[in-house]
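Residue numbers (the working numbering), protein chains in the order written: chain F, -6 to 243; chain A, 53 to 146.
Ideal placement from N, C-alpha and C gives every residue a C-beta, glycine not left out.
Remarks on the structure that follows.
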């Protein structure tokens, strides 16, 4: 089955859909592993929002591509190099601070992306963006709240959240290395960066966290299907069942 | 959970104007966390549009041991019930 996405708009949208899906899978791994019951459920709820968002986006993509494949095909039958998520969201759940920092850095980014997509010429994308913005607003309140609690909590919690920040900021630079597709389908890609920078810098400062200088890294672009070492393990777990039993039905 | 953890009772209002209904409880360290946890536990399926959380220890309850003294219905005192009284002729809509 050929799962190559050919249309330019679909190529742009699949980056968002994959980012949503992979983060959804990471948060689903937290189900039954949360720090306490209520937070466990909160993370699972956000995970479900992300899966729902990805599914709707894959449907739009499949429509554009003439429905030669389904959302399930895209999720369960593509390999690493055919996935186009930002590397940030595939980073593992090292500890609760990692989960929160990853979520926070992601939430600011997607909040601005979907705000800009309200201006899309594709009415289905606009409809989805309206729905997503409501979800993201809550997720953002939740992740920012925990940034404050951990950053301003104990010495231990501050150190853990700082180490998560130090690690995950490495995966930010590529997000803003926009290509022609990004510039075509985002209303204002420069603003995306400035909104993100302002919020992150203000929040880190308010939470007693440091934004350290990142050494220049050679990292190939997620837009070309490149990943960190973690994606393979994630996909092998997520795709195991349909790969092992291709005829299995829900 | 460690110290600081408290139980909060959760109340949801289905529509504006209706009474808030008790739906359960949740754990949280402070007001802000309590309202977020209550939202995640109890309002994900359109259960309502407004939410209250109340620290469980702020609710005054009748001690279990005293319940007989508080709630004895006095079944032997038939005159406590409206049915004891005859309805006079001519009274409508009762």
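In whole angstroms, give me the CA-to-CA distance for residue i and residue j.
i                      : j                      : result
residue 144 of chain A : residue 131 of chain A : 22 Å
residue 76 of chain A  : residue 178 of chain F : 46 Å
residue 230 of chain F : residue 25 of chain F  : 17 Å
residue 0 of chain F   : residue 128 of chain F : 28 Å
residue 139 of chain A : residue 83 of chain A  : 53 Å
residue 206 of chain F : residue 45 of chain F  : 36 Å
residue 212 of chain F : residue 55 of chain F  : 30 Å
residue 9 of chain F   : residue 132 of chain F : 17 Å
residue 134 of chain F : residue 97 of chain F  : 9 Å
residue 210 of chain F : residue 53 of chain F  : 35 Å
residue -2 of chain F  : residue 111 of chain A : 59 Å
residue 91 of chain F  : residue 153 of chain F : 8 Å
residue 6 of chain F   : residue 47 of chain F  : 10 Å
residue 105 of chain F : residue 22 of chain F  : 26 Å
residue 161 of chain F : residue 68 of chain A  : 44 Å
residue 69 of chain F  : residue 74 of chain A  : 43 Å
residue 141 of chain F : residue 66 of chain A  : 32 Å
residue 240 of chain F : residue 232 of chain F : 13 Å
residue 118 of chain A : residue 134 of chain A : 27 Å
residue 145 of chain F : residue 88 of chain F  : 17 Å
residue 79 of chain F  : residue 116 of chain A : 57 Å
residue 136 of chain A : residue 128 of chain A : 12 Å
residue 182 of chain F : residue 175 of chain F : 7 Å
residue 79 of chain A  : residue 121 of chain A : 32 Å
residue 166 of chain F : residue 173 of chain F : 17 Å
residue 41 of chain F  : residue 125 of chain A : 50 Å
residue 115 of chain F : residue 216 of chain F : 22 Å
residue 138 of chain F : residue 58 of chain F  : 40 Å
residue 171 of chain F : residue 60 of chain F  : 28 Å
Name the DSSP beta bridge partners of residue i, please?
i                      : result
residue 107 of chain A : A:60
residue 77 of chain A  : A:61
residue 102 of chain A : A:65
Residue j and residue i - do their beta-carbons sit closer together than 8 Å?
i                      : j                      : result
residue 73 of chain F  : residue 234 of chain F : no
residue 43 of chain F  : residue 27 of chain F  : no
residue 191 of chain F : residue 204 of chain F : no
residue 19 of chain F  : residue 86 of chain F  : yes
residue 81 of chain A  : residue 57 of chain A  : yes
residue 114 of chain A : residue 61 of chain A  : no
residue 100 of chain F : residue 136 of chain F : yes
residue 218 of chain F : residue 2 of chain F   : no
residue 125 of chain F : residue 12 of chain F  : no
residue 84 of chain F  : residue 95 of chain F  : yes
residue 143 of chain F : residue 93 of chain F  : yes
residue 98 of chain A  : residue 64 of chain A  : no
residue 102 of chain F : residue 243 of chain F : no
Which residues, taken in chain order from the stretch 82 to 111 of chain F, show a beta carbon closer than 9 Å to some beta carbon of chain A? none
Near-chain A residues of the stretch 23 to 44 of chain F - C-beta to any C-beta below 8 Å: 29, 30, 31, 32, 34, 35, 38
Under 9 Å (Cβ pairs) to chain F, residues found in the stretch 87 to 102 of chain A: 88, 89, 90, 91, 92, 93, 96
Residues of the stretch 131 to 143 of chain F with a CB closer than 7 Å to any CB of chain A: list them in chain order, please. 135, 138
Whole alpha helix (DSSP H) runs in the stretch 175 to 209 of chain F with 4 or more residues, listed along the chain? 182 to 199
Members of the stretch 61 to 84 of chain A near chain F, C-beta cut-off 9 Å: 78, 79, 80, 81, 84
Alpha helix (DSSP H) segments (min. 4 residues) lying fully within the stretch -6 to 80 of chain F: 1 to 21, 30 to 57, 64 to 69
Quick one: which unbroken alpha helix (DSSP H) runs of 4-plus residues sit fully inside the stretch 112 to 160 of chain F? Chain order, please. 116 to 144
List, from N- to C-terminal side, the alpha helix (DSSP H) runs of 4 residues or more that fit wholly inside the stretch 210 to 242 of chain F. 224 to 231, 233 to 237
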